[in-house]
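Which chain is which? The protein sequence lines are A and B, in order.
Counting in UniProt numbering, the first sequence runs from 1 upward without gaps.
Counting in UniProt numbering, the second sequence runs from 1 upward without gaps.
Number of protein chains: 2
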Amino acid sequence: MKMIKRFTTTIFAIGFCFTALAQEAVDMAAVQKIRKEGLENSKVMDLAFQMTDVAGPRLSNSPGLKRAQEWAMKQFNEWGLKNVQLEAWGTFGKGWQVDKYYAATTTPYYRPIIASPKAWTPGTNGVIKSEIVLIKADSLPQMDQYKGKLAGKIVMFDNSSIRMLENSYKADVKRYTEEELDKMAKAQAPTPGAQAPARAANPAMAAMMKMRAARMEMTKRIQEEKAGLILTYARGSYGTFFTSNGASYALDAPAVSPELEVSSEDFLRILRLLRAGQKVEMEAEIKTSFYDQDPKGYNVIAEIPGTDKKLKDEVVMLGGHYDSWHAGTGATDNAAGSAVMMEAMRILKTIGFKPKRTIRIALWSSEEQGLHGSRGYVAKHFGDPKTMQLTADQKKVTAYYNLDNGTGAIRGIYAQGNAGVAPIFQEWLKPFNDIEAKTVTIGNTGGTDHLAFHAVGIPGFQFIQDPMDYDTRTHHSNMDTYDRLVAQDLQRSATIVAAFVYHTSERAAPMPRVELPKPNPAGR
Amino acid sequence: MKMIKRFTTTIFAIGFCFTALAQEAVDMAAVQKIRKEGLENSKVMDLAFQMTDVAGPRLSNSPGLKRAQEWAMKQFNEWGLKNVQLEAWGTFGKGWQVDKYYAATTTPYYRPIIASPKAWTPGTNGVIKSEIVLIKADSLPQMDQYKGKLAGKIVMFDNSSIRMLENSYKADVKRYTEEELDKMAKAQAPTPGAQAPARAANPAMAAMMKMRAARMEMTKRIQEEKAGLILTYARGSYGTFFTSNGASYALDAPAVSPELEVSSEDFLRILRLLRAGQKVEMEAEIKTSFYDQDPKGYNVIAEIPGTDKKLKDEVVMLGGHYDSWHAGTGATDNAAGSAVMMEAMRILKTIGFKPKRTIRIALWSSEEQGLHGSRGYVAKHFGDPKTMQLTADQKKVTAYYNLDNGTGAIRGIYAQGNAGVAPIFQEWLKPFNDIEAKTVTIGNTGGTDHLAFHAVGIPGFQFIQDPMDYDTRTHHSNMDTYDRLVAQDLQRSATIVAAFVYHTSERAAPMPRVELPKPNPAGR
C-alpha cells in the first residue's frame, strides 16, 4: 500500500453503537462449501508464488508487472472467468527496471554494499570508481563549497537528520491482541467526510517534507555538477532496507543523477569513516532501463457474470493493487492481497456459484504512486470526485472490497464510517469467529484503493489484518519476498473474502450507502 | 566466539552455596576513580570503531587482522604500556580475503544476491554465467545422475534439511531478566572436570554433523566435475545471514570449488523456482586472495608491569579474541570484547595505577577456528593440557578474564565451578550493583578463550553478558557491524573489568584455584 498513515479515526463527539435493523441472512451451506475449498484445497500460495518468485518485482509499467498481468489474465481465463481484460486506466508514464546492480567499497578494504538503485534513476554508464565525497549540507547555499569538485564523483549526503541505529526490544512480527481488537470494535464513528490529517500536521512528516524539498534542490545541483552517483540513506536495519519514492516517471521528467538507496549498515559505515576523515573509495556498476513505448497504465479485470435477471447488472467488486516497489518482489505489498482476491474468485468459481449480481475482480496498477489504477478506473466508470458528477454505473456497484495490508489474516473489517453496513458485516463474520475474524470497526483506514471508491460514494472497504512484520520489515523493503507470506493467513483471508463477496452478491438489497461526499478539488 | 553451546552447566547432585570465609577487600577509592574514567571519559567506542569500520573484517591471518593488530600495538605504545608485541602462538595456515563479490540472477528476471564467498574458497576466475543446476542429493550415490553435467555450471544443493522461513514473534534483542539472573545465581556447581556434552549427543547437532560429512564428500565430487560455483544456504533472515566454517586454511589444503553462502531469501527464491521447473540463470564474479608467506598465527600482548617487589612476577591476565569472520566487521564477535579489554587497560593506565602484580592483556587470534591463539599461548607459556606437564609460570598467573559474548553489558561472572572465587567476585561486584552487575554463578560457560587457561588449571573466567542480538542477528553474520555496539554497555563492561583486574592485582593472596584437571588427550 501507499505509504501514508493506515488507521486514522477522527473522533466523533458521541459514541457509536451498531443497530441491527433486521437479522442479516447468512447462507451457512454456502459458507461451508467456501470454507472447505478455501481452507482445504487452497491455491493461494501457488498464486502468490507466480506473482513474486516467478514474475519478480512489479514496479508500475515495468516488464515484471507486465509478466504478472499476462499470467493473471491467463489464469483467469483458465478458470473460466469472463470479460478478462487488461484495461487502460489512463496515462502513467515510463516503466523502469534494474538490469545490473553492483557496488562495493574498495578502500580502506573491500566490502560489498547492500543497496538498490532508486526507482526511475539512470545507470552509471559503465563502471564508476571514485573516492566518496561527503557533502555536508542541509540546504542549497551550503552546497556552494562543492562547486566544481563533484564531476564524475560518488557523493554521499551528510545531514543533521541522519541517526545511528538503535536497538529495538520489540518483536518484528506481531498479531493483534484481543485488547487491540476490542478497542477497534469500540471506536467511535469518524466525522463524515473527514480526511486523514494532512501530512504537514505531523511535525516529523513536516520536517521530512521540508528536507525532501531541500534534497530535491541539492540533488538538482549535484546533477548540474555532473556527479557520477549519489548515495542516499535507506531506512531499515540488519540487511533490510526500505525504498522511498524514486525519481519522476513522467515521460518528460528532467534528467537526474544515478542514485543508490544504501542499507543503513553500509551507509553508516561509510559515513562514520568519512566523518572521521578516512578516505573511502568505491566502485559501482548500475544499469537500468526505461520503457516509454506505451505510457498507459493498465488494470487486470475479470468477472463472474451475474445470473439474476434483475440484479445481474449490479456489480460486487473486489481487488487489490498488483504493482509493487522494485527492491523486493512485492510479496506482502501486495501480492498477498492480489493472491487472496484471485483465490476468492477461484473459490467461488470452483464451488459452482452462479451469483445474482456480477462479481468483478480488479488488480490495480500504480497504487504505489498514488492509487492511480483504481482512481483512473473509478473516474472512467463511476464519476469524478472533484466535481461529484457521477455515471449511471456508480449506483450499480454495491460494494468494493480491498486487501492491501500485508500477509496478516483478516481479523475483521473497517466499516469506513458506514453505520448501515456494520451490523451486516458482523453477521457475515460470525461463521469465521472460530478462525479469529470477528471485529467490525466503524473507523476509517486509508492508504489504499478502497478510497478511490469511497471518494465517489461507492461503499469501499479494507479488511482489518494482523500487522505481522509489515511495518517493521516488509512494506516497501528489499525483504518483501515470498518468504514473508504465511499460508494459513492467506487461506483464511481468501475464504472470508469469498464469503463476503458471496453474501454481497446474493443480498436482496444493495449495500447501504453513506451520504455522498462533497466535491473535492484534490480529487481524493 | 566459537560456535558451540555457551551456557553449559552439568548439574551436581547437591545444591551449592557460596561461603565467604572472610570479607573480601574492596578499594572504594580506586573503584571511584575507575568508574569516573570508565563511565565519563570512555574511549571504548573509538577503539571499537578502529577495529571494525577502519580495519574491516579480521579473519585469521587476513590483511584486515594484520591492520588491526598493528593499530592495537601502536595504541598500546601510545598509552605507555610495556612489552608490547606481536607474539607468534604457532602455525595457523593461510590468510584469505574477498577482493570482489558480485552475483545476481538474470533469468527469469534480474535480482542481485545477498551472499558472501565462503572463507578460504577460491574465486570464479572472471565472470561466470550459467543456468543454475539443482542437485537433489543428500548423499554421494545420489550424485551419480549429475556425472558429466556440471562442468562450468553454477550448482545449488537441494536436500531434505532445507526449511522455508518461519516467523519469529520474539524480539531480536533481549537483556537478561531478574528471573534469569536469579536462576544463574542459584545454579548448582558443575561436576569438576565435566565437559560440555559432546556434540553428537544433541540429535540436531548429530544430524548436522552427518550432513556436513556427506556434504564434504559431495562437494569433492562437485570439484572433480569442475563445477564453476556452488551456492549453499546460509542461516538467517531479512538480509542477515550467518557464515559457517569455510574451506580448510591449511597450507596443503586440497583445491575446492568456489562457493557462496547465500542469504536465505535469495537461496530459497532460487530453490523454489528450480523445484517448480523454472529456468534460473545467474551471473557472478568472485575474486579472493590467499596469503601464505607467513603461516604463523599471532597474538597482540601488552603489559602494565607490576611494582610490588614480591608480587610483580605474578600476572593478572585479561583478553578476548581479536579475529572475526569475514562477512561482517566482527563488531560483537569480538571487537566488543577486545575494545572493552583495551579500554580497561587504558582506564587503569590513565588513573595512574601502579599495580602490585603485572597486568597483561592478550588479543588472541584464530579463536574462531578453535581457540588456537589462546591455546597456543597457554601451551607455550604455561603447560600442555594433554599431559598436564606445567611450566613454572603456570603458578604465576593468578587469573585470566575474558570477554566474548557480544556487546551486552556485564551482568556478573561465571565462577566456572571455582567455589573459592565466588564470594570474592560477589564482593567485587557490589560497587557495580547500581549499574546492574551483580550475579555470580558457579556455572560454567564455554566456547571461548578462558577455556584454554582453565584446561591447565589457571583460573579463567568469562563474564555474564546481556544476550542482546548476539544469537539472533550478529554472531558470525554479515550484520555484525559497529551499528550493533551499544556504548553504555561497553563502557560499563570496561569499568567493571578494570575494577576486577585492579582487585586481582592488589589482592594479598593469589586467586583460589580448583583441583588440577586430569590430562586430556583431546587437549582442551
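Positions of the beta carbon are idealized from the N, C-alpha and C atoms, including for glycine.
For B:E281, the enclosing beta strand (DSSP E) starts and ends at E281 to Y291. The DSSP-derived three-state label of A:P517 is coil.
Comparing alpha-carbon positions, the option among A:H326, A:K296 and A:Q278 lying closest to A:S116 turns out to be A:H326. Proximity to B:A213 across B:L140, B:G277 and B:E261 peaks at B:L140, based on C-alpha coordinates.
Contact residues of the stretch 413-434 of chain A toward chain B are absent (C-beta to C-beta distance below 9 Å). In the DSSP annotation of this structure, A:P295 is not part of any beta strand (DSSP E), being labelled neither H nor E.
Boundaries of the alpha helix (DSSP H) harbouring A:R212: P203 to E224, taken from the DSSP string. At a Cβ-Cβ threshold of 8 Å, B:Y414 and B:Q462 count as neighbours. Bridge pairing for B:K129: B:E283 [DSSP]. Contacts between B:V98 and chain A, judged by CB atoms closer than 7 Å, involve Y110 in chain order. The beta-carbon of A:R269 is placed less than 8 Å from the nearest beta-carbon of chain B. For A:P112, the secondary structure class from DSSP, reduced to helix, strand or coil, is strand. DSSP places A:I230 in the uninterrupted beta strand (DSSP E) bounded by L229 to Y233. In terms of Cβ geometry, A:T472 and A:T52 do not form a close pair [threshold 8 Å]. Spanning the alpha carbons of B:P517 and B:P385 requires a straight line of approximately 8 Å.
Contact check for A:Y291 against A:N125 fails: the beta carbons are separated by 8 Å or more. For the stretch 152-164 of chain B, the beta-carbon criterion of a distance under 8 Å to any beta-carbon of chain A is satisfied by M164. The DSSP-derived three-state label of B:R58 is coil. The continuous stretches of beta strand (DSSP E) do not include A:M1, and DSSP gives it neither H nor E.
Close to A:S168, with beta-carbon spacing below 9 Å, are these residues of chain B in chain order: A171, D172 and V173. By the 16-neighbour rule on beta-carbons within 10 angstroms, B:M216 is exposed. Spatial neighbours of A:Q278 in its own chain (CB-CB distance under 8 Å, excluding positions within 5 residues in sequence) are listed in chain order as P108. B:V340 does not reach chain A, its nearest Cβ partner there being about 18 Å away, counting only Cβ pairs nearer than 7 Å.
Pairing A:S264 with B:A171 gives a Cβ-Cβ distance that is not under 8 Å. Within the model, the alpha-carbon separation for B:E131 versus B:A151 is close to 12 Å. At least one C-beta of chain A is nearer than 8 Å to the C-beta of B:T481. An exposed status is given to A:V127, since fewer than 16 other beta-carbon atoms sit within 10 Å of its beta-carbon.
Look at the stretch 47-59 of chain B: the residues with a C-beta under 9 Å from a C-beta of chain A are F49, T52, D53, V54, A55, G56 and P57. Inter-residue distance for B:P431 and B:A522 is about 40 Å (C-alpha atoms, whole angstroms).
By the Cβ neighbour-count rule, B:L318 is buried, with 16 or more other Cβ atoms within 10 Å of its own. Along the stretch 271-292 of chain B, going in chain order, the ones with a CB nearer than 8 Å to a CB of chain A are R272, L273, A276 and Q278. By the neighbour-count criterion, in which a residue is buried when 16 or more other Cβ atoms sit within 10 angstroms of its Cβ, A:I162 is exposed. The DSSP assignment places 439-441 and 460-465 as complete runs of the beta strand (DSSP E) inside the stretch 425-499 of chain A, in order along the chain (cut-off: 3 residues).
Exclusion of the five residues before and after B:P63 leaves G95, Q97 and Y291 as the residues of its chain whose Cβ lies within less than 8 Å of its Cβ.
B:R275 is classed as exposed because its beta carbon has fewer than 16 other beta carbons within 10 Å across all chains shown. For A:V486, the nearest beta carbon of chain B is closer than 8 Å to its own beta carbon.
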